[in-house]
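Trainee: Before we start, here is the structure in question, set down as structure tokens.
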Amino acid sequence: MQLFGNKTHLKTRETEWIEGAKSGDRRSQKAIYDMLSGKMYAVCLRYMGDSDAAQDILQDGFVTLFSKLDSYSGEGSFEGWARKIFVNTALMSLRKKDALKGSEDIDVARSITSDDPTVFEKIGYKDLLKLIAALPAGFRTVFNMYVIEGYSHKEIGEELGISETTSRSQLQRARVLLQSKIKEKF
49 MQLFGNKTHL
59 KTRETEWIEG
69 AKSGDRRSQK
79 AIYDMLSGKM
89 YAVCLRYMGD
99 SDAAQDILQD
109 GFVTLFSKLD
119 SYSGEGSFEG
129 WARKIFVNTA
139 LMSLRKKDAL
149 KGSEDIDVAR
159 SITSDDPTVF
169 EKIGYKDLLK
179 LIAALPAGFR
189 TVFNMYVIEG
199 YSHKEIGEEL
209 GISETTSRSQ
219 LQRARVLLQS
229 KIKEKF
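Using our numbering, the first residue of the sequence shown is number 49, and each one after it goes up by one.
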């Protein structure tokens, strides 16, 4: 079995596509689009909450990706580099929409525990994604950045122009809302 040869071959193909796309080759751009579009659409959908907005961000993200392709150094994962572009594109859109408008700073966030811990084991991945997508934009954004992307509250605050306390309260409120929705449905 030539598993390692295949990985090397795929990496070589990716490198060829990147170089081709840098020089404006449409086939290389399409190959990169085909390689990344599904995963990046999922990223966009998590942040935007609906498919129309996610499609818009996906399109804008690819425009940005191809315009900044010269800045990709080849170090690290190309997919990871691209993911940052799509997350930042989504965040810029949410900032323009003032997604966190009305957010309040709170010093102590409520915590909630489930009386039935098995209720959280009943929910499937797709159901959870739907519930996350249904969160208000501010809650959804902070939840995605903290839980899924791994940003700190300080980084979230800097990225969104909010305080760390607001980031924490948005995350806690998102968790409380998600938990109550899970309890209702399951």
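Think of the CB as a built atom: it goes at the ideal place given N, C-alpha and C, for glycine as much as any other residue.
1. For L210, name the three-state secondary structure that DSSP assigns.
2. If you draw a straight line from the alpha carbon of D104 to that of G68, how long is it in whole angstroms?
3. Can you name, in chain order, every residue of its own chain whose Cβ lies under 8 Å from the Cβ of V91, other than the five neighbours on each side?
4. In terms of residue numbering, what span does the alpha helix (DSSP H) encompassing N136 cover?
5. Helix, strand or coil: which one does DSSP assign to L183?
6. Assuming F114 contacts Q77 (C-beta within less than 8 Å), just tell me the rounded distance between them.
7. Rounded to whole angstroms, what's the CA-CA distance from A101 to L177? Just pull it up for me.
8. Can you tell which of S119, V190, W65 has the C-alpha that lies nearest to the C-alpha of M83?
9. Can you tell which of V111, Y95, I230 has the C-alpha that lies nearest to the C-alpha of F191?
10. Below 8 Å CB to CB, which residues in the same chain sit around L117 once its five sequence neighbours on both sides are set aside?
11. My understanding is that I230 touches I171, with C-beta atoms under 8 Å, so please give their C-beta distance in whole angstroms.
Mentor: In brief:
1. Locating residue 210 in the sequence shown gives position 162, where the first residue counts as 1. The amino acid occupying residue 210 in the given sequence is Ile; Leu does not appear at that position. Coil, per DSSP.
2. Numbered from its first residue, the sequence shown carries residue 104 at position 56. Numbered from its first residue, the sequence shown carries residue 68 at position 20. Straight-line Cα distance between these residues: approximately 25 Å.
3. Mapped onto the sequence shown, residue 91 falls at position 43. Only R131, F134, V135, A138 meet the Cβ criterion.
4. Reading the sequence shown from its first residue, position 88 is the one you call residue 136. Here the alpha helix (DSSP H) through N136 covers 126-144.
5. Counted from its first residue, the sequence shown places residue 183 at position 135. Correct three-state label for L183: coil.
6. The count along the sequence shown starts at 1 and reaches residue 114 at position 66. The count along the sequence shown starts at 1 and reaches residue 77 at position 29. So it is a contact: roughly 6 Å between Cβ atoms.
7. The sequence position of residue 101 within the sequence shown is 53, counting from 1. The sequence position of residue 177 within the sequence shown is 129, counting from 1. Whole-angstrom Cα-Cα distance: 16 Å.
8. As a first step, residue 83 is located in the sequence shown; it is residue number 35 there, counting from the start. For M83, the closest of S119, V190, W65 by C-alpha to C-alpha distance is W65.
9. To locate residue 191, count along the sequence shown from 1; it is residue 143. It is Y95 whose Cα lies nearest to the Cα of F191.
10. The residue given as residue 117 occupies position 69 in the sequence shown. Cβ contact annotation for L117 (same chain, cutoff 8 Å, sequence separation greater than five): I66, A69, K70, in chain order.
11. For this step, residue 230 is matched to residue 182 along the sequence shown. For this step, residue 171 is matched to residue 123 along the sequence shown. Contact holds; Cβ gap of about 6 Å.
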